[in-house]
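The block underneath contains the structure these notes are about, expressed in structure tokens.
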DNA sequence: AATGAATGAGCGTTCATTCAT
DNA sequence: TATGAATGAACGCTCATTCAT
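Protein chains in written order, with my numbering: chain H, 1 to 203; chain X, 1 to 203; chain U, 1 to 203; chain B, 1 to 203.
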């Protein structure tokens, strides 16, 4: 489960767990602020209030923290999606999609800058790419499950592919809308996105 | 317009233009193969058959070549879109969208690996981000133009936003489908994407 | 006499002595396998089944274990020489030299890889050098004693120097023959060495 | 021929050759003074009056300079041996051996401290070991050649092995006599060594 | 006495960039 | 104008050693 099983310390005592946590927090902050490539391990250690060596006691290398952080966040994402999509019956189609969008948005609300960094890294690092794919796949399956519960309302038949397309559309719109200084209103954007998805899915 | 006006040479003679071109070709090849961060200027110069110093005669720094290459590609992209969308009348809605998708796809067909690198860089470098946004905006306006020509068929009213959403969806689906080893069939993916866009746009 | 009197624990209880022994065994194994510089204290401690801190309770630093191990081995060496050279009367000259060679060889038979490491360290560390010299001197005196017992047979007069030369020749031939992949047969080598020494020593 | 063909600069211009030479000189000085492990590349560069980067432009890594220096010295060694053993006829056996010893000693006279470092490294580094073996083998063949020219005087038949044994004896005696603070007189040592070899070789 | 988490100086190495020739 | 040697700050990482528990 743990992505780093090299020679790294696996903390069991309270102190060790705290230290590992402090390093991850500091790393996430710095990666978010300055990006992965412009953050160095000495900085992370200093920001975490530990020595450089301690960093390497808990993580094989710089990328390992990144993956560990991302891994941690992804658990929350899946949880959010599962939890946030409770009872959808008795609602309109647009409401249903809006609920989905909302759940998907939560992750970015929580750590938008780190997500931006993930987007950068997934195109240049195979490990980040693999993790991203796994997470994407997890989310997709969750979406498929949600769709299956309302099968009779749907016009799309190939749920696997539909879920993939929906997820991609959401991801990019969310990213690009956050980042850009486009003058296009965020609210209008999300409305159009929800509209598109709803028309696509439902009869 | 030129992003590099530092004290770089602006070649007017044939030889200088050729040299600049050779550097850009070599850089593009290497960026595509190994990524921006893992390519160094010495390598680019060698691959281009010039001295390290000459590189800096034509480009302010490593990022400048990247931007110059991207700039150059974006011209082709816009051209493709304009050219490829000629006469759409007398076709079905799905055909129209398929034609749009095809034009959009062309850019990735031409330089998929460089595009991947752009995707990585646009999230971590403000200049690349700005250029990407400008290009995205250019494409979007082009799409708006295309949409306006078939206004009476459309159900969407807010063409600016609709074009944005469409473009985002296409971009991400194309990227993710190229990269991932997901078992979802590329054809099914594009079909669903076209279907989604068509349902979104047309009455 | 003990090379480490810093503030290291000097075990008197059985358990402490055992621990010290376990550390020395583990260190010797690792030094032999990977060399002194490529073995680190953490590894030694783990291999010995103790905590890193405990290592420093018994030894001042990494070099101290090395010296302690070497010290220990040297006792055996001297013992071997004394024991192995019992009664030489009534034998031929070559037999006598062969017996000496055999005794000298024993040490290398026992721990050839550690000896190799000693050879490396004695040229780069003054303490190891000093210990090596002391051991060498001890062996030499022992050889002088052996020679003195057969004085009337000898042609060499300056036994001190002769013993030194003999010892050097043996050491290097043994080392180089062990290490190299020279196609020169080990047996022929030892035969020639014995022949040389015999001609040198005896009338 | 050159042991480093990695990505290192191969200087053709006068300046480059000078720089490479300065680095080798500085490295040899420092290796001799402080030993290989206690010398770092920054120091070498500083002592050579160049930047750290220049070091790595000419040598793959720290070990590469070491090997390059050793390589260079070995050429001189062989040359010395060939040149120094001119006409041996009409001399006594001991004179002949003394001449050989003298030629062999020259190398150590020239760079005794570097030779000491070679002795250390050849036991711990495979590449140095290999180079040492090659040089040793070269010297040995040279000695065989010298011996063959005086075949009728010799009692030894197996010249290959005899040369090996002689060389080993010389090497170790020279090393150990240089290093140690043994009270044994250097002159007596060399005399005994020559005596031993002469008795071994000649009828 | 024993643990193992923490330390941090120090190392080898890279590479974008400059500049003498 | 073109060259490629030279620069040196900066980085990722190791490991002998210490010390709070």
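C-beta atoms are modelled at their ideal positions from N, C-alpha and C, and glycine is treated no differently. Bear in mind the structure is a predicted one, so any value in this text is a computation, not a measurement.
Since residue i meets chain B, which of its residues come closer than 7 Å, beta carbon to beta carbon?
i	result
residue 171 (chain U)	172
residue 120 (chain U)	120, 123 and 124
residue 176 (chain U)	168
Can you name the residues of chain U whose CB is closer than 7 Å to the CB of residue i?
i	result
residue 184 (chain B)	160, 161 and 164
Starting from residue i, trace the alpha helix (DSSP H) both ways and give me its first and last residue.
i	result
residue 129 (chain X)	126-148
residue 117 (chain U)	112-122
residue 42 (chain H)	41-48
residue 195 (chain B)	186-201
What residues from chain X crowd round residue i, counting only those whose CB sits closer than 7 Å?
i	result
residue 196 (chain H)	165, 196 and 200
Along chain U, which residues have their Cβ under 8 Å away from the Cβ of residue i?
i	result
residue 189 (chain B)	161, 164 and 165
residue 193 (chain B)	165
Output, in chain order, the set of chain X residues within a Cβ distance shorter than 9 Å of residue i.
i	result
residue 37 (chain H)	37 and 124
Applying a beta-carbon distance threshold of less than 7 Å, which residues of chain H neighbour residue i?
i	result
residue 40 (chain X)	Per Cβ cutoff of 7 Å: no residues; residue 40 (chain X) is ~14 Å from chain H at best.
So with CB distances below 8 Å, who are the chain X contacts of residue i?
i	result
residue 117 (chain H)	123 and 124
Taking the runs of the alpha helix (DSSP H) that are 4 residues or longer, which of them lie wholly in the segment 51-109 of chain U?
-> For the segment 51-109 of chain U, the continuous alpha helix (DSSP H) assignments of 4+ residues that do not extend past its boundaries occur at 52-58 and 62-84, in sequence order.
Is the segment 92-112 of chain U touching the segment 182-196 of chain U in the sense that three or more CB pairs, one from each, lie closer than 8 Å?
-> Contact holds: three or more Cβ-Cβ distances are below 8 Å.
Touching or not, the segment 55-67 of chain U and the segment 127-146 of chain U, by the rule of three or more beta carbon pairs under 8 Å?
-> At 8 Å Cβ cutoff, the stretches touch.
Inspect the CB distances between the segment 70-82 of chain B and the segment 43-54 of chain B and report whether three or more fall short of 8 Å.
-> Here the segment 70-82 of chain B does not lie against the segment 43-54 of chain B, with fewer than 3 beta-carbon pairs under 8 Å apart.
Contact between the segment 155-162 of chain X and the segment 160-170 of chain H (3+ Cβ pairs under 8 Å) | With a cut-off of 8 Å, the segment 160-170 of chain H and the segment 155-162 of chain X do not count as touching, because too few Cβ pairs lie within range.
Any contact of the segment 22-36 of chain B with the segment 108-126 of chain B, i.e. 3+ C-beta pairs under 8 Å?
-> Taking 8 Å as the limit for Cβ pairs, the verdict is that the segment 108-126 of chain B does touch the segment 22-36 of chain B.
Indicate whether the contact test is met: 3 or more Cβ pairs, each with one atom in the segment 138-152 of chain H and one in the segment 136-145 of chain X, closer than 8 Å.
-> Output reads no: the segment 136-145 of chain X does not touch the segment 138-152 of chain H.
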